[in-house]
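Asker:
Protein chains in written order, with the working numbering: chain W, 1 to 280; chain S, 281 to 535.
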């Protein structure tokens, strides 16, 4: 059963004095799935995220959460921001206290939770993000990846149903990226809806269930990531194609057995395995 | 910044900030209430020993941090001892101006006391600064009921100082990499560019931070919960006993 958790209906948004960031944009995100949002720089990804978290209000159209239009009064926004956690691209814009523990407690306290519950959640988030040893270090002495984990811990402590991450892999080294991916997989397994904006097509192809592709503030395409990311028009718009998909397609054209049956490896490891087992 | 680093790596980091704060407060009060220079000097010496061998700040670093306020104190107290209208110990005479610079006996006593008191007080505060990170001092102030606005400003400012320094060093390196400081004239121009850029960067940063706050349910009040620290009865009794003994001594002993 698929159930839409966030839906945008004909949303338009223009920043004062600039061109339109989103133009009669409609898209839907399915509960519990991993959605990749793709598009060129300036195509409206960040604006889309701001709308999902209620940071911006659409000038026309509607944002729906769990099928109900978002209310832009205090309790409505608080409810939305609890349910939709947002992780910014730059961790420094999200950490306010020089003490990680304090910073993580910020969100749950805003929800008006009692102290014991806040402490429980902070400690859980610290553990989840493997930050226990860093708890006593000041924020400004942490590395980029550690700060990023602290940001996510701060959002997780609010126990959101949806986690929106803007370029979560930008600036992470491959080792950290793999660790981070494992964290995202855990969250996915726990039922959290994940939405990430990325420029990394290989990653989107390997990871995402669904894809939303933007073009100049409009929806270019939306649907299954595997289908969309193998379409030539999508490749033209995004300026690249997932390497694994391209190689598989080429191998299928050469008639090597195993590819003609429609099997699509998603990662380099799967591709190598398919090649070595079906190749001859 | 160095003080900050020592505060985080101090051996007494895990001691409840309340205990350290209480001890500091008692010693500070004793030093300021004292009628003789002796008590504050003892406090100053004790603080220096506690901070270096107790909390583990290397004594060389301690001296280099303490030397500035001490020099400053010394020069300002010198002014107390000096008189331009004649005194017991003439120093310099200007016959043409009919003026003599001299030291007075009462001035010297006054200067000694003022110097000792301020030294004791500043080294007490330095003890707190070198053993307790800023966030814990703020938490202490918060639990003592300091105005919310003040604490929020301190929290934000403290975090932003480091971001600000980072932005400056980034822009400066970028300028330097393109020979922006190769001659005094060019350096002036680069500095102007740096200043202008800082303003813009800070404005956009402020906007982003505000978004970050809102995204986590900020509603006109910055709420934080600090890590739990345990009070140690032994430390508490120690701090209170030593502190009150010092205050009592300070009140009783008169010159």
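Cβ coordinates follow ideal geometry from the N, Cα and C atoms, glycine included.
Which partner residues does residue 372/S have in the DSSP bridge list?
Answerer: Position 92 of the second chain, counted from the first residue, corresponds to residue 372/S. Residue 372/S is bridged to 381/S.
Asker: Does DSSP put residue 137/W in a helix, a strand or coil?
Answerer: Residue 137/W sits at position 137 when you count from the first residue of the first chain. Note: residue 137/W maps to coil in three-state DSSP.
Asker: Given residue 158/W, which residues of its chain have a CB within under 7 Å of its CB, disregarding the five upstream and five downstream residues?
Answerer: Locating residue 158/W in the first chain gives position 158, where the first residue counts as 1. These residues qualify, in order along the chain: 82, 85, 107, 108, 111.
Asker: Got a sec: is the Cβ-Cβ distance from residue 368/S to anything in chain W below 9 Å?
Answerer: On the second chain, residue 368/S is found 88 positions in, with the first residue counted as 1. No, residue 368/S does not count as interfacial toward chain W.
Asker: So, for residue 467/S: in the same chain, excluding its five sequence neighbours on each side, which residues have a beta-carbon less than 8 Å away from its beta-carbon?
Answerer: Along the second chain, read from residue 1 onward, the residue named residue 467/S stands at position 187. So the qualifying residues of the chain are 460, 461.
Asker: Closer than 8 Å is the cut-off here; do at least three beta carbon pairs connect the segment 209-219 of chain W with the segment 232-242 of chain W?
Answerer: The segment 209-219 of chain W, when compared against the segment 232-242 of chain W, does touch it at the 8 Å Cβ threshold.
Asker: From the DSSP output, in three-state form, read off residue 161/W for me.
Answerer: As a first step, residue 161/W is located in the first chain; it is residue number 161 there, counting from the start. In the structure shown, residue 161/W sits in coil (DSSP, three-state: anything other than H, G, I, E or B).
Asker: Give a yes or no on whether 9 Å exceeds the smallest Cβ distance from residue 94/W to chain S.
Answerer: Within the first chain, the letter at position 94 stands for residue 94/W. Yes, contact with chain S.
Asker: Select from 276/W, 224/W, 251/W the residue whose C-alpha is nearest the C-alpha of residue 34/W.
Answerer: The residue you call residue 34/W lines up with position 34 of the first chain. It is 224/W whose Cα lies nearest to the Cα of residue 34/W.
Asker: With a Cβ-Cβ cutoff of 9 Å, do residue 505/S and residue 119/W count as a contact?
Answerer: As a first step, residue 505/S must be located in the second chain, where it is residue number 225. As a first step, residue 119/W must be located in the first chain, where it is residue number 119. Cβ atoms of residue 505/S and residue 119/W: closer than 9 Å.
Asker: Count the other CB atoms within 10 Å of the CB of residue 279/W; is the residue buried (16 or more) or exposed (fewer)?
Answerer: Position 279 of the first chain holds residue 279/W. Confidence at residue 279/W is low in this model, with a pLDDT of 49, below 50, so the placement of that residue should be treated as unreliable; the coordinate-derived value is given next. With fewer than 16 Cβ atoms within 10 Å of its Cβ, residue 279/W is classed as exposed.
Asker: What would DSSP say about residue 280/W, mapped onto helix, strand or coil?
Answerer: In the first chain, residue 280/W corresponds to position 280, counting from 1. Residue confidence is low: residue 280/W scores 48 on pLDDT, short of 50, so the model does not pin down where it sits. Its coordinate-derived value is still stated next. Reduced to three states, the DSSP call for residue 280/W is coil.
Asker: Since residue 201/W and residue 172/W are thought to touch, with beta carbons under 8 Å apart, how far apart are those beta carbons, to the nearest angstrom?
Answerer: Position 201 of the first chain holds residue 201/W. Position 172 of the first chain holds residue 172/W. The pair is not a contact, with the Cβ atoms about 17 Å apart (cut-off 8 Å).
Asker: So, is residue 499/S buried or exposed, given that buried needs 16 or more other C-beta atoms within 10 angstroms?
Answerer: Sequence index remark: in the second chain, residue 499/S carries index 219 (1-based). Exposed, by the Cβ-count rule.
Asker: Run through the DSSP bridge pairs and tell me what residue 12/W is partnered with.
Answerer: Translated into positions along the first chain, residue 12/W becomes position 12. Note: residue 12/W sits in a beta bridge opposite 60/W.
Asker: Using 8 Å as the cut-off, can you tell me whether the segment 138-150 of chain W makes contact with the segment 169-185 of chain W, which would need three or more C-beta pairs spanning the two stretches below that distance?
Answerer: Taking 8 Å as the limit for Cβ pairs, the verdict is that the segment 169-185 of chain W does touch the segment 138-150 of chain W.
Asker: Taking Cβ positions only, does residue 279/W come closer than 9 Å to chain S?
Answerer: Residue 279/W sits at position 279 when you count from the first residue of the first chain. Low local confidence applies: a pLDDT of 49 at residue 279/W is under 50, so the model's placement there is unreliable, and no value is given.
Asker: Under 7 Å between beta-carbons, which chain S residues line up against residue 159/W? List them in chain order, please.
Answerer: For the purposes of this step, residue 159/W is taken as residue 159 along the first chain, with counting starting at 1. Simply none; closest approach about 12 Å.
Asker: Expressed to the nearest angstrom, what Euclidean distance is found between the alpha-carbon atoms of residue 477/S and residue 451/S?
Answerer: Taking the first residue of the second chain as 1, we reach residue 477/S at position 197. Taking the first residue of the second chain as 1, we reach residue 451/S at position 171. About 8 Å.
Asker: Can you give me, in chain order, the residues of the segment 494-508 of chain S that have a beta carbon less than 8 Å from any beta carbon in chain W?
Answerer: Cβ contacts with chain W: 494, 495, 496, 497, 498, 499, 502, 503, 504, 505, 506, 507, 508.
Asker: Measuring only the C-alpha atoms, how far is residue 320/S from residue 304/S?
Answerer: The residue given as residue 320/S occupies position 40 in the second chain. The residue given as residue 304/S occupies position 24 in the second chain. Each residue's alpha carbon lies about 13 Å from the other.
Asker: May I ask you to report which of helix, strand or coil DSSP gives residue 69/W?
Answerer: Numbered from 1 along the first chain, position 69 holds the residue referred to as residue 69/W. Strand, per DSSP.
Asker: What's the gap between the Cα of residue 151/W and the Cα of residue 530/S?
Answerer: Residue numbering aside, residue 151/W sits at position 151 when the first chain is read from its first letter. Residue numbering aside, residue 530/S sits at position 250 when the second chain is read from its first letter. Using only the alpha carbons, I get a separation of about 50 Å.
Asker: What is the DSSP secondary structure of residue 361/S, counted as helix, strand or coil?
Answerer: Translated into the one-based positions of the second chain, residue 361/S becomes position 81. Looking at residue 361/S - three-state DSSP - the assignment turns out to be helix.
Asker: Under 8 Å: do the segment 237-248 of chain W and the segment 264-274 of chain W share three or more Cβ pairs, one atom per stretch?
Answerer: Yes, the segment 237-248 of chain W touches the segment 264-274 of chain W.
Asker: In this structure, what does DSSP give as the bridge partners for residue 99/W?
Answerer: Along the first chain, one-based indexing puts residue 99/W at 99. Bridge partners of residue 99/W: 138/W.
Asker: DSSP three-state label for residue 40/W, please.
Answerer: Taking the first chain and counting its residues from 1, the one referred to as residue 40/W is at position 40. Here residue 40/W sits in coil by DSSP.
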